[in-house]
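Participant: Residue numbers (my numbering), protein chains in the order written: chain C, 1 to 348; chain H, 1 to 620. Here it is: the structure, laid out below.
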Amino acid sequence: MTPRPLLQVTELTVEYGQRHAPTLRAADGVSFDVRPGETVGLVGESGSGKSTVARAVLGLTPVTSGRIRFDGADITHANRKTRRALSARLQMVFQDPYSSLNPARTIGQTLAEPLLVHSGERGKPVGERVAAMLERVGLPAKAAERYPSQFSGGQRQRVAIARALMTSAELVVCDEPVSALDLSIQAQTLNLLSDLQRELSLSYLFIAHDLPVVRYLSHRVVVLYRGRVMETGPVDLVYERPAHPYTRALLAAVPDPDPRIRTGRHDEPATPRGASQPTATGCPFAPRCAHVVEICRRERPGLLPVDGVPGGASAACHRAAELTPTGNGTVARAVAVGRPGNAHMEET
Amino acid sequence: MKTTSRLLRRPAAVVAVAWLVLLTVATACAPLIAAHGPLDQDLSHVLALPSASHPLGTDSLGRDLLSRLLYGGQPALLAVAEALVAHLVVGVTLGLVAGYLGGWADTLITRVGDLLFALPAIIIVLVVLSVFPGNLHAAMITFGVLGSPGLIRVLRSRTLGIRQEMYVAAARVCGLSDAQILLRHVLPRLTSTVIVQAALFSAVAVIIQAGLGFLGLGAQPPAPSWGGLVADASQVIDRDPWMLVPAGVPLVLTVVALSMLGDAIRDSAVESWSVSKLATASAPPPVAKEHAEAPVPGALLSVRDLTVEIDGVPVVQGVSFDVMPGETLGVVGESGCGKSVTALGVLGLVPGNGRVTGGRVVFAGTDLTASPTELARVRGSGIAYVSQDPMVALDPTFTVLSQLREAVRRHSGANREQARERVLELLAMVGVPDPEGVAGRYPHQLSGGLAQRVLIALALAGRPKLLIADEPTTALDVSVQKEILTLLHTLQRRTGIAVLIVTHDWGVVATLCHRSLVMYAGQVVEQADVESMFVRPLHPYTAGLLAANPHRAAHGHALTTIPGTVPSPREWPVGCRFAARCPYAGDDCRAAPVALTGPAPARLTRCLHVEELVSEGARL
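Have a look at this one:
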């Protein structure tokens, strides 16, 4: 039996009113859950609504419709008081370690802030907890007296992680926590996140555009496109046997760090994705999809289990069943997405 | 407290503080200092020059000027303080509220502020004085309030910016209340702005209160006031010019001291947390003597021993490499290793105070470092440059067509119509789907991928033989990134252009490059063809970087990491610069600079322990 989810997002829709343009629907009926001790990866390109979902979970952006539950309690429209109480258990690590720390405050002052709200403790015990937490994330305790400008990007991100863990956090939302970091620092930070998860049985909602990073850290993954869930499932299944053409396109676009494969070296006609807008009622990916058929433009596909097995992957594609390979991932990779020529071959 | 001690280390601040303290104490203790009362007349000594009994002389009624100055100073300083307090209370409160809350509060406060702006302050002050005759307090408080819209506006826009900062969102996630956020995160960032504004306003207030006194609207004669002193002096200017000195100099000094103090406080308040400028440049670390070989015959670009300094500190040292025609060379490394500076150094475009201080750059047989005119000729037509962020590289005020046409005409001398044809041809060449339509657009109307294509078209306008691309795909989404990589590859096959690509992404290197150069702490540490480098790296840093890539890592297994961080140019050690992070490092590595050696054909590495690395199959 699966344990009760810690975070449950149901049909979440977030709209932004724009002054001179129609309302922008940044998240459109997004549903997923995060179980205790689990990492759920949220992937997609810019504009896919990843960060909007994160901000909605943390109450930083108003929700238009849908429901967000944390440990069973509805927090969709939680007021300030509830949010304050909740902030001990629900925390966030931001993308940019340069702007997420106030440059005018010492590391110690920044780290003491969550305690100020929750325990009301002051003075010596706070200093001791700050020092202990700094050492836990791999920084010297005397770093507390210094200012953010005296630290590198990787060290600042450690401080940001420490801030999220000062209170007894259960779910940490990580919004692109390593995308601003160099490769060797990125690996250090990912290891730290994964160690902390094991030690403190944390749950992560891990948002990133870098697919290998998401795969490394996540148990399950949610693929977003234009605010809608395209595919979701256990990470290995989705990466090895992507059922949605968009997931396949994303995975195929990652340059493989193996010169013998040379993914980008096909001499394709390098046309960018079409500028045409998806129809209001159809699949949002239809204009870019190589396998598009008439129904895709007319009817929006629901998110359905791919194999009909519980705990497997689900995809929002009319043709998921016929396009998904049954064996290993090789067939999927060979079906090149984005080549208009192939669509014909598929159809005939 | 720290701020105070830092403040007192600044000579200007010490002088300003000394003057203001002296003035305050002296006016407060006026009865103790002045030998005469401010109203005591000595008709035998009228308009006297300074003497022992009257240190600053006397006025036309024989009153002691020092005494009048000191007694007049009390209401003057009080008036300035009143105006300042009113100014700050109204300005800071309303500015913060408007900027932080936004919405209707912001609209209301901004409109009221605009209204106050439109009122002539000095006239309102005169009206107040006609209602409360001689009441300087009422006049100065009114002046403080009327002067606040400027402060409100400045603080409102600063607060708007700060409210968007991620650390405010982080504080909210931590559960801090609005009041706590304002007090802990917003106000401290505004301190310097407020101090500067307060100092400037105090200076104006000093002048204004003196002006009111001069007009006889403040303290009524014979009561002493600073403005009154100036008025008295102006009446006897032809008989006793000296009197202007005691009347005017304290005013001038006070205004100057306030401005100086404001600057000094601001500087020392931010000094604690802003990036401090390190004192002096230490001697550059030595580099191993390497024989700078002659350029490889047939090479399109030969860089030899390139050294670049920024603010007198070397950031790139002794870099040598060749790019053959039609070849793609990747420059790999982490930030702070000197990749981008090397690329810009080739073009002589090092940012800021940087300059190329040594080495040679030979392009197609011409030494560019020797001749600035050659360098200027080669830019664009011989070597083109594509930067990381296409949105920043395109001028937002011109259409795609006009930017590209300018470049085409600059290089070919074509007329407008011919140039337009060439622009459309270029856009088609970089795979822009609707060249005519895109040509008419402004940069903000382009997606990131399209903008990067336009930028590549711009680079190709002068038909260059070498394209230098600095992280051309880093700012783009993964699917767009693939399109751009494919485009670069296709262009290379069609036009035979050579590419020097700066990147931190091994995937880009593997996809696009023939050979690659790994840089660490300003030096080349390894150079090889891409296949060999991936299969058998010959430098521990290369091996570590390759292993740190999460691409092939299994879930649940710790990623291989390189401990520590890249040292900054001022911290470079004498010996191997990677030694502190390297599992193979020994005393030999730290003793002296390590030279580049060629342990295998067509391979270079800056490592003394290559054999260990190879035999152990990379322990990192």
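All residues carry an ideal CB built from backbone N, CA and C; glycine is no exception.
#1: Measure the C-alpha to C-alpha separation of Val623 of chain H and Ala233 of chain H and round it to an integer number of angstroms.
#2: Does DSSP classify Pro351 of chain H as helix, strand or coil?
#3: Can you find the residues in the same chain that come closer than 7 Å, C-beta to C-beta, to Thr669 of chain H, ignoring five residues on each side of it along the sequence?
#4: Measure from the alpha carbon of Gln91 of chain C to the alpha carbon of each residue in H:Ala169, H:Met140 and H:Phe578, then state which is nearest.
#5: What would DSSP say about Pro305 of chain C, mapped onto helix, strand or coil?
#6: On the CB-based measure, 16 or more other CB atoms within 10 Å of its CB, does Arg606 of chain H come out buried or exposed?
#7: Can you pull the chain C residues whose beta carbon is under 8 Å from the beta carbon of Glu531 of chain H, in chain order?
#8: Under 8 Å, with one C-beta from each stretch per pair, do the segment 176-193 of chain H and the segment 117-131 of chain H reach the 3-pair mark?
#9: Could you work out which residue in C:Arg25, C:Asp71, C:Ala104 and C:Leu24 is closest to Pro36 of chain C when comparing CA atoms only?
#10: Along the alpha helix (DSSP H) that carries Val438 of chain H, what are the first and last residues, could you check?
#11: For the segment 164-179 of chain H, list every residue whose C-beta sits within 7 Å of some C-beta in chain C, in sequence order.
#12: For Leu224 of chain C, which of helix, strand or coil comes out of DSSP?
#13: Give me, in chain order, the residues of the same chain whose beta-carbon lies closer than 6 Å to that of His87 of chain H; leave out the 5 immediate sequence neighbours on both sides.
#14: What are the residues of the segment 334-346 of chain H that lie near chain C, defined by any Cβ-Cβ distance shorter than 7 Å?
#15: Under a three-way DSSP split, which group does Glu240 of chain C fall into?
#16: Which first and last residues belong to the beta strand (DSSP E) in which Leu466 of chain H is found?
#17: Suppose only complete runs of 4+ residues qualify. What are the alpha helix (DSSP H) ranges in the segment 96-183 of chain H, listed by chain order?
#18: Below 8 Å, how does it come out for the segment 152-168 of chain C and the segment 115-133 of chain C: are there three or more Cβ pairs, yes or no?
#19: Going by the beta-carbon positions, is the gap between Leu101 of chain C and Arg67 of chain C smaller than 8 Å?
#20: Sort out for me which residues DSSP pairs Pro314 of chain H with in a bridge.
#21: Could you tell me the distance, in whole angstroms, from the CA atom of Gly448 of chain H to the CA atom of Phe117 of chain H?
#22: Express the C-alpha separation of Gly262 of chain H and Val14 of chain H in angstroms, rounding to a whole number.
#23: Count the other CB atoms, across all protein chains shown, that sit within 10 Å of the CB of Thr107 of chain H; report buried if there are 16 or more and exposed otherwise.
#24: For Leu190 of chain H, which option in H:Thr357, H:Ile265 and H:Ile237 has the closest C-alpha, if you only look at C-alpha atoms?
#25: Output the distance between the C-alpha atoms of Val53 of chain C and Tyr225 of chain C, rounded to the nearest integer angstrom.
#26: Between Gly99 of chain H and Arg158 of chain H, how many whole angstroms is the CB-CB distance? I'm expecting something under 8 Å.
#27: Using a Cβ-Cβ cut-off of less than 9 Å, give me the residues of the segment 188-214 of chain H that come near chain C, in sequence order.
#28: Mind checking the segment 129-142 of chain C against chain H and listing, in chain order, the residues whose C-beta falls within less than 9 Å of any C-beta there?
#29: Does the beta carbon of Phe94 of chain C come closer than 8 Å to any beta carbon on chain H?
#30: Straight-line CA distance for Thr392 of chain H to Leu404 of chain H?
#31: Please go through the same chain and pick out, in chain order, the residues whose beta-carbon is closer than 6 Å to the beta-carbon of Ala131 of chain C, but skip the five residues on each side of it.
#32: Between Leu559 of chain H and chain C, is any beta-carbon pair separated by less than 8 Å?
#33: Can you list, in chain order, the residues of its chain whose CB lies under 6 Å from that of Thr23 of chain C, leaving out five sequence neighbours each side?
#34: Taking 8 Å as the threshold (beta carbon to beta carbon), is Leu485 of chain H in contact with chain C?
#35: Got a sec: which bits of the segment 35-50 of chain C sit with their beta carbon under 8 Å from any beta carbon on chain H, in order along the chain?
#36: Could one say the Cβ of Lys482 of chain H lies closer than 8 Å to chain C's Cβ atoms, at least one of them?
Facilitator: By the coordinates alone:
#1: Only positions 1 to 620 of chain H appear in this structure, which leaves residue 623 of chain H out of reach.
#2: Here the question's residue 351 of chain H lines up with position 351 in the second sequence. If DSSP states are grouped into helix, strand and coil, Pro351 of chain H belongs with coil.
#3: No information on residue 669 of chain H is available, as it lies outside the stretch 1 to 620 that chain H covers here.
#4: As a working mapping, residue 91 of chain C is identified with position 91 in the first sequence. Answer by Cα proximity: H:Ala169.
#5: In the first sequence, counting from the first residue as 1, residue 305 of chain C sits at position 305. Note: Pro305 of chain C maps to strand in three-state DSSP.
#6: Here residue 606 of chain H corresponds to residue number 606 of the second sequence, with the count starting at 1. The residue in question, Arg606 of chain H, is buried, as its Cβ has 16 or more Cβ neighbours within 10 Å.
#7: Here residue 531 of chain H is taken as the residue at index 531 of the second sequence, counted from 1. Chain C residues near Glu531 of chain H: Pro259 and Arg260.
#8: Touching, no, given that fewer than three Cβ pairs across the two stretches are closer than 8 Å.
#9: Stepping through the first sequence from its first residue, residue 36 of chain C is reached at position 36. Comparing Cα positions, the closest option is C:Asp71.
#10: By 1-based counting over the second sequence, the position of residue 438 of chain H is 438. Looking at the DSSP string, the run of the alpha helix (DSSP H) that includes Val438 of chain H is Pro435 to Ala439.
#11: Glu165, Met166, Tyr167, Ala169, Ala170, Ala171, Arg172, Val173, Cys174, Gly175 and Leu176
#12: Translated into the one-based positions of the first sequence, residue 224 of chain C becomes position 224. Strand, per DSSP.
#13: The residue you call residue 87 of chain H lines up with position 87 of the second sequence. Around His87 of chain H: Gly144, Gly147, Ser148 and Phe201.
#14: Cβ proximity to chain C below 7 Å picks out Glu334 and Ser335 from the segment 334-346 of chain H.
#15: Against the first sequence, residue 240 of chain C aligns to sequence position 240. Three-state result, Glu240 of chain C: helix.
#16: Residue numbering aside, residue 466 of chain H sits at position 466 when the second sequence is read from its first letter. Unbroken beta strand (DSSP E) run through Leu466 of chain H: Leu466 to Asp470.
#17: Listed in chain order, the alpha helix (DSSP H) runs fully inside the segment 96-183 of chain H are 103-118, 121-131, 136-146, 148-163, 166-173 and 178-181, counting runs of at least 4 residues.
#18: yes
#19: Taking the first residue of the first sequence as 1, we reach residue 101 of chain C at position 101. Taking the first residue of the first sequence as 1, we reach residue 67 of chain C at position 67. Cβ atoms of Leu101 of chain C and Arg67 of chain C: not closer than 8 Å.
#20: Numbered from 1 along the second sequence, position 314 holds the residue referred to as residue 314 of chain H. For Pro314 of chain H, which the question treats as bridged, DSSP gives the partners H:Glu309.
#21: Within the second sequence, residue 448 of chain H is the residue found at index 448, counting from 1. Within the second sequence, residue 117 of chain H is the residue found at index 117, counting from 1. Their Cα atoms are separated by approximately 42 Å.
#22: Indexing the second sequence from 1 puts residue 14 of chain H at position 14. Indexing the second sequence from 1 puts residue 262 of chain H at position 262. In a straight line, the C-alpha of Val14 of chain H is about 12 Å away from that of Gly262 of chain H.
#23: Position 107 of the second sequence, counting from 1, holds the residue named residue 107 of chain H. So Thr107 of chain H counts as exposed.
#24: Counting from one through the second sequence, the residue named residue 190 of chain H turns up at place 190. Comparing Cα positions, the closest option is H:Ile265.
#25: To locate residue 53 of chain C, count along the first sequence from 1; it is residue 53. To locate residue 225 of chain C, count along the first sequence from 1; it is residue 225. Each residue's alpha carbon lies about 12 Å from the other.
#26: On the second sequence, residue 99 of chain H is found 99 positions in, with the first residue counted as 1. On the second sequence, residue 158 of chain H is found 158 positions in, with the first residue counted as 1. Taking 8 Å as the upper bound for CB-CB distance, Gly99 of chain H and Arg158 of chain H are in contact here, some 7 Å apart.
#27: For the segment 188-214 of chain H, which is checked against every Cβ of chain C, the residues closer than 9 Å are Pro188, Arg189 and Thr191.
#28: none
#29: Within the first sequence, numbered from 1, the residue matching residue 94 of chain C stands at position 94. Chain H, which has a Cβ nearer than 8 Å to the Cβ of Phe94 of chain C, makes this yes.
#30: Against the second sequence, residue 392 of chain H aligns to sequence position 392. Against the second sequence, residue 404 of chain H aligns to sequence position 404. Correcting the residue identity first, residue 392 of chain H is Val in this sequence and not Thr. Taking the straight line joining both Cα atoms gives about 16 Å.
#31: Taking the first residue of the first sequence as position 1, residue 131 of chain C is located at position 131. Here the set comprises Ala141.
#32: Reading the second sequence from its first residue, position 559 is the one you call residue 559 of chain H. Yes, its Cβ sits closer than 8 Å to a Cβ of chain C.
#33: The residue given as residue 23 of chain C occupies position 23 in the first sequence. Within the same chain, Thr23 of chain C has close Cβ partners Glu15 and Gly17.
#34: The sequence position of residue 485 of chain H within the second sequence is 485, counting from 1. Closer than 8 Å: yes.
#35: Glu45 and Ser46
#36: Residue mapping note: residue 482 of chain H aligns to position 482 of the second sequence, counting from 1. Taking Cβ atoms only, chain C reaches closer than 8 Å to Lys482 of chain H, which makes this a yes.
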